[in-house]
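As structure tokens, the structure follows; a few thoughts come after it.
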Amino acid sequence: MLIAPPTMAIERTLSILKPDALQSAVAGKILSKFEEAGLKPVAMKMLHLTQQEAEGFYAVHRERPFFKSLCAYMTSGPVIVQVLEGENAVAKNREVMGATNPANAAEGTIRKLFAKSIEANSVHGSDSTENARMEIAYFFAQTDLVRYEWTGRK
Ligand code: CMP
Numbered sequence: 000m001l002i003a004p005p006t007m008a009i010e011r012t013l014s015i016l017k018p019d020a021l022q023s024a025v026a027g028k029i030l031s032k033f034e035e036a037g038l039k040p041v042a043m044k045m046l047h048l049t050q051q052e053a054e055g056f057y058a059v060h061r062e063r064p065f066f067k068s069l070c071a072y073m074t075s076g077p078v079i080v081q082v083l084e085g086e087n088a089v090a091k092n093r094e095v096m097g098a099t100n101p102a103n104a105a106e107g108t109i110r111k112l113f114a115k116s117i118e119a120n121s122v123h124g125s126d127s128t129e130n131a132r133m134e135i136a137y138f139f140a141q142t143d144l145v146r147y148e149w150t151g152r153k
């Protein structure tokens, strides 16, 4: 009997380059990290979040002690929001980002290389496919997502 090989799921995930990444001019280096990892950008824009947008996006954290500070931080400067697509994109993105606290992030990860603190930690990435769907819809319409041939780095 033939057993089909396991197929990897093509997923989409929401990624945010946070104000510290833009302020310290490492956005290009961070975008390269995603490209090198095989994560294809299919939507991207620069925004300066309003208080209401930041609070809405991080609503799941509203009871956390860091919520107020986090929203103040996320509105302190522009961000880049993007949708990344690829095999197991949610987990892969989290691997490339590294641990939330840069002190615990593995060598070579974005947060280890560039993050300033647990708050100014350079990037956000969805933590599940279900949250990815909600987070993508928070910033993008379906028609904002582009289709194109992408070979990735060979
Ligand atoms: P992010 O992945 O965007 O999700 C929630 C954010 O809250 C997190 O990254 C950090 O920027 C911020 N944050 C600040 N303090 C903490 C903390 N103690 N634990 C987790 N997240 C924190």
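Under numbering that gives the first Met the number 0, think of the first position of the sequence shown as 0, with each following residue one higher.
From the three backbone atoms N, C-alpha and C, an ideal C-beta is built for every residue, glycine too.
Since we're looking at a predicted model, the values are computed, not measured.
Relative to the Cα of Thr142, the nearest Cα in the group Asp19, Ile15 and Val41 belongs to Val41. Boundaries of the beta strand (DSSP E) harbouring Thr12: Ile9 to Leu16, taken from the DSSP string.
With fewer than 16 other CB atoms across the displayed protein chains lying within 10 angstroms of its CB, Arg63 is exposed. Taken through DSSP and simplified to helix, strand or coil, Val80 comes out as strand.
For Leu46, the enclosing beta strand (DSSP E) covers residues Lys39 to Leu46. In the DSSP assignment, Val89 falls within the unbroken alpha helix (DSSP H) covering Ala88 to Met96.
Within its own chain, the residues whose Cβ lies closer than 8 Å to the Cβ of Gly37, once the five positions on either side in sequence are excluded, are Gly85, Glu86, Lys91, Gly151 and Arg152, listed in chain order. When only Cα atoms are considered, Tyr147 and Leu83 end up about 13 Å apart. Excluding its 5 nearest sequence neighbours in each direction, Ser116 has C-beta neighbours in its own chain below 8 Å: Pro101, listed in chain order. Residue side-chain check: Thr99 places its Cβ nearer than 8 Å to a non-hydrogen atom of the ligand CMP.
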